[in-house]
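Student: Before we start, here is the structure in question, set down as structure tokens.
Numbering (my numbering), first residue to last: 4 to 502.
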């Protein structure tokens with residue numbers, strides 16, 4: 004920036020805090036991995052009452068105690084626990100505390116206690132709680148008194164454990180029957196110079212699929228355009244680590260043209276499956292050159308459109324020989340910019356990626372699209388949240404008009420990001436203030452996402468288990484409109500199924 008040469012560019016500001024001393028996302032991960040208590044869960048059986056908690060004091064000189072011991076070298080802490088479900092509202096099922104021995108937990112000492120939360124009654128049919136399928140135990144250790152280095156309530160350690168649930172604990176997921184769906188009809192028309200298939204339904208519900216690209220180009224209802232595009236995506240805006248080395252990941256992606264793929268050989272066929280269900284099958288070839296002289300990707304997409312305001316997108320992507328390791332494999336949705344309030348069931352609350360997510364907690368988190376952005380020194384892929392079960396974008400924070408998207412048909416929880424900045428904008432900008440907002444929200448839902456790496460930044464250094472090698476990928480995503488006509492309760496949508 005100042006004409007000094009040689010220099011280390013942004014690598015002179017790559018610590019665990021930003022230059023203004025606010026926390027970098029990696030600081031939370033470092034804190035978790037270095038926390039002074041080791042927390043673990045041991046099962047003697049399948050019932051909650053048979054679980055045992057183990058706490059190990061990793062301090063070298065400090066004793067941990069629940070009671071206030073007026074002795075040097077003793078740290079007074081509280082150990083709290085809660086059990087939460089996958090419901091958006093009223094998710095806490097139980098809570099309590101764990102008492103440490105009267106003499107405290109000495110440095111290096113381990114304590115194992117029986118955890119009896121009184122939960123078995125919740126697993127019985129008459130006392131069943133609203134769980135779609137998952138529940139977690141959260142442990143938190145915090146300070147009971149102010150210290151010279153932290154205030155009362157400061158969290159020393161935390162960990163989350165997923166609980167095994169007996170089938171009796173789950174509320175059956177309501178099945179949406181085809182006969183109950185409002186009717187749909189199919190037409191062919193031209194929109195903005197393109198030939199499109201349009202599926203129409205009640206409440207002015209419509210879905211348009213382009214004959215030129217094979218992609219969904221519009222999803223609307225009651226005069227609101229919720230989606231401007233739904234397309235496969237195989238490219239991420241390169242991070243500092245992605246650019247490291249002569250044979251960097253970023254260089255390989257650019258060489259393969261993953262940032263500028265074009266659709267050729269497009270075929271689109273619509274079929275009326277039943278009065279309330281239309282299936283649109285699309286196939287096309289993605290490559291960087293019009294003549295397809297470079298390696299490409301074959302796309303087979305199935306859009307199942309339901310009269311109740313749902314679209315299930317099933318993708319099959321087949322990579323040709325020569326495609327490099329991929330930054331992501333998923334969907335790119337262009338969403339109405341007014342749907343800026345974001346909630347999701349998955350890891351959070353902060354940024355997390357496949358190889359940097361140990362500190363995350365699965366819960367229903369809330370934010371805005373603007374606050375999801377992470378202001379890296381050089382703009383790049385950022386703001387992701389891992390293991391997402393569903394995400395909702397709405398025009399207000401509670402039960403607003405919007406849309407909800409979730410993996411379905413056996414697809415595992417996905418990597419999610421939502422931003423007002425496009426991949427192209429991230430690519431061009433060299434400073435955060437140079438980013439210019441688009442007139443849409445860019446929502447990415449990735450079935451596969453490469454890790455961030457970081458062993459060094461001068462060679463491609465992502466560990467093998469976090470790489471995404473080229474292959475044939477299949478995944479499905481359900482997109483549901485949240486409106487007064489179709490229903491705006493994300494818990495109810497999440498619990499229903501077409502399967």
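We put the CB at the ideal spot given by N, CA and C, even for glycine.
#1: In angstroms with no decimal places, state the Cα-to-Cα distance between residue 387 and residue 487.
#2: Using 8 Å as the threshold, is the region 439-457 in touch with the region 335-346, meaning 3 or more CB pairs across them?
#3: For residue 441, tell me which candidate among 452, 358, 435, 425 has the shortest Cα-Cα distance.
#4: Check the DSSP bridge columns for residue 191 and list the partner residues they point to.
#5: On the criterion of 16 or more Cβ atoms from any shown chain inside 10 Å, does residue 411 qualify as buried, or is it exposed?
#6: What would DSSP say about residue 433, mapped onto helix, strand or coil?
#7: In terms of residues, what are the limits of the beta strand (DSSP E) holding residue 506?
#8: Helix, strand or coil for residue 207? Go by DSSP, reduced to three states.
#9: Just to confirm the assignment, what range does the beta strand (DSSP E) spanning residue 493 have?
#10: Starting from residue 375, follow the alpha helix (DSSP H) in both directions and report where the run begins and ends.
#11: Take the Cβ of residue 190 as the centre, count every other Cβ of all protein chains shown within 10 Å, and call the residue buried at 16 or more, exposed below.
#12: Grab the span of the alpha helix (DSSP H) containing residue 255 for me, first residue to last.
#13: For residue 117, which beta-bridge partners are listed by DSSP?
#14: Are there 16 or more other CB atoms within 10 angstroms of the CB of residue 343, so buried, or fewer, so exposed?
#15: Apart from the five residues just before and just after residue 94, which ones in its own chain have a Cβ nearer than 8 Å to its Cβ?
#16: Do residue 317 and residue 479 have their C-beta atoms within less than 9 Å of each other?
#17: Can you tell me which residues form a DSSP beta bridge with residue 155?
#18: Grab me the residues of residue 215's own chain with a C-beta within less than 8 Å of its C-beta, minus the 5 sequence neighbours each way, in chain order.
#19: Over what stretch of residues does the beta strand (DSSP E) that includes residue 477 continue unbroken?
#20: In this structure, how does DSSP classify residue 66 when only helix, strand and coil are distinguished?
#21: So residue 78 packs on residue 67, CB below 8 Å; how close in whole Å?
#22: Alpha carbon to alpha carbon, how far is residue 353 from residue 28?
#23: Relative to the C-alpha of residue 101, which candidate in 90, 84, 439, 42 has its C-alpha closest?
#24: Could you tell me which of 465, 152, 433, 57 sits nearest to residue 12, measuring between CA atoms?
#25: If residue 485 and residue 418 are in contact, beta carbons under 8 Å, what's the gap, nearest whole angstrom?
#26: Judging by CA-CA distance, which residue of 180, 273, 238 is the nearest neighbour of residue 188?
#27: Ignoring anything shorter than 4 residues or poking outside the region 333-392, list the alpha helix (DSSP H) runs there in chain order.
#28: Between which two residues does the beta strand (DSSP E) containing residue 410 stretch?
#29: Quick check on residue 238: does DSSP put it in helix, strand or coil?
#30: How close, in whole Å, do the beta carbons of residue 55 and residue 139 come, if the pair is a contact with beta carbons under 8 Å?
#31: Helix or strand or just coil, what does DSSP make of residue 176?
#32: For residue 464, which option in 53, 396, 358 has the closest C-alpha, if you only look at C-alpha atoms?
#33: What does the alpha-carbon distance come out to for the pair residue 503 and residue 309?
#34: Closer than 7 Å by C-beta to residue 248: which residues in its own chain qualify, once you throw out the five before and the five after it? Chain order, please.
#35: Leaving out five residues on either side along the sequence, give the residues of the same chain with a beta carbon under 7 Å from the beta carbon of residue 38.
#36: Hey, quick one: how far does the beta strand (DSSP E) through residue 290 stretch, first residue to last?
Tutor: Taking the definition as stated:
#1: Taking the first residue of the chain shown as 1, we reach residue 387 at position 384. Taking the first residue of the chain shown as 1, we reach residue 487 at position 484. For residue 387 and residue 487, the distance between alpha carbons rounds to 30 Å.
#2: yes
#3: Position 438 of the chain shown, counted from the first residue, corresponds to residue 441. Out of 452, 358, 435, 425, the CA that lies nearest to the CA of residue 441 is found in 425.
#4: Taking the chain shown and counting its residues from 1, one reaches residue 191 at position 188. Bridge partners of residue 191: 200.
#5: Within the chain shown, residue 411 is the residue found at index 408, counting from 1. Buried is the label assigned to residue 411, since at least 16 other Cβ atoms lie within 10 Å of its Cβ.
#6: As a first step, residue 433 is located in the chain shown; it is residue number 430 there, counting from the start. It is coil, neither helix nor strand.
#7: Limits of the chain in this structure are 4 at one end and 502 at the other, which puts residue 506 out of reach.
#8: Here residue 207 refers to the residue found at position 204 when the chain shown is read from its first residue. It is helical.
#9: The residue given as residue 493 occupies position 490 in the chain shown. Where residue 493 is concerned, there is no enclosing beta strand (DSSP E), although the alpha helix (DSSP H) it sits in stretches over 493-498.
#10: The residue you call residue 375 lines up with position 372 of the chain shown. Start and end: 372-375.
#11: Here residue 190 corresponds to residue number 187 of the chain shown, with the count starting at 1. Residue 190 should be labelled exposed.
#12: By one-based count along the chain shown, residue 255 stands at place 252. Segment 252-259, the alpha helix (DSSP H) holding residue 255.
#13: Taking the chain shown and counting its residues from 1, the one referred to as residue 117 is at position 114. DSSP, once it has assigned bridges, lists 55 as partnering residue 117.
#14: The residue you call residue 343 lines up with position 340 of the chain shown. Answer is buried; the Cβ neighbour count reaches 16.
#15: Taking the chain shown and counting its residues from 1, one reaches residue 94 at position 91. 87, 88, 366, 367, listed in sequence order.
#16: In the chain shown, residue 317 corresponds to position 314, counting from 1. In the chain shown, residue 479 corresponds to position 476, counting from 1. Contact: yes.
#17: The sequence position of residue 155 within the chain shown is 152, counting from 1. BP columns for residue 155 are empty, so no partner.
#18: In the chain shown, the residue the question calls residue 215 occupies position 212. Excluding sequence neighbours, residue 215 sits near 197, 198, 266, 269.
#19: Start at 1 with the first residue of the chain shown, and residue 477 comes out as number 474. For residue 477, the enclosing beta strand (DSSP E) stretches over residues 475-485.
#20: Numbered from its first residue, the chain shown carries residue 66 at position 63. Residue state, collapsed to three classes: strand.
#21: Locating residue 78 in the chain shown gives position 75, counting from the first residue. Locating residue 67 in the chain shown gives position 64, counting from the first residue. With a Cβ gap of about 6 Å, residue 78 and residue 67 count as contacting.
#22: Your numbering for residue 353 matches position 350 in the chain shown. Your numbering for residue 28 matches position 25 in the chain shown. One C-alpha to the other measures close to 7 Å.
#23: Here residue 101 refers to the residue found at position 98 of the chain shown. Of 90, 84, 439, 42, the residue nearest in Cα terms is 84.
#24: Walking along the chain shown from the start, residue 12 turns up at place 9. For the options 465, 152, 433, 57, the alpha carbon positioned closest to that of residue 12 is the one of 433.
#25: Walking along the chain shown from the start, residue 485 turns up at place 482. Walking along the chain shown from the start, residue 418 turns up at place 415. The beta carbons of residue 485 and residue 418 sit about 22 Å from each other, so the pair does not count as a contact at 8 Å.
#26: Here residue 188 corresponds to residue number 185 of the chain shown, with the count starting at 1. Residue 273 is the option with its Cα nearest to residue 188.
#27: Within the region 333-392, the complete alpha helix (DSSP H) runs of at least 4 residues are 372-375.
#28: Within the chain shown, numbered from 1, the residue matching residue 410 stands at position 407. That run of the beta strand (DSSP E) goes 405-410.
#29: Position 235 of the chain shown holds residue 238. In the three-state scheme derived from DSSP, where H, G and I count as helix and E and B as strand, residue 238 is classed as coil.
#30: The count along the chain shown starts at 1 and reaches residue 55 at position 52. The count along the chain shown starts at 1 and reaches residue 139 at position 136. About 17 Å; that fails the 8 Å criterion.
#31: Your numbering for residue 176 matches position 173 in the chain shown. In this structure, residue 176 counts as coil in the three-state DSSP scheme.
#32: Residue mapping note: residue 464 aligns to position 461 of the chain shown, counting from 1. Minimum Cα distance to residue 464 is reached at 358.
#33: As shown, the chain starts at 4 and ends at 502. That puts residue 503 outside it, with no answer to give.
#34: Position 245 of the chain shown, counted from the first residue, corresponds to residue 248. Excluding positions up to five away in sequence, the list reads 461, 462, 463.
#35: Counted from its first residue, the chain shown places residue 38 at position 35. The answer, listed in chain order, is 159, 160.
#36: Translated into the one-based positions of the chain shown, residue 290 becomes position 287. 280-290 is the span of the beta strand (DSSP E), which, as asked, contains residue 290.
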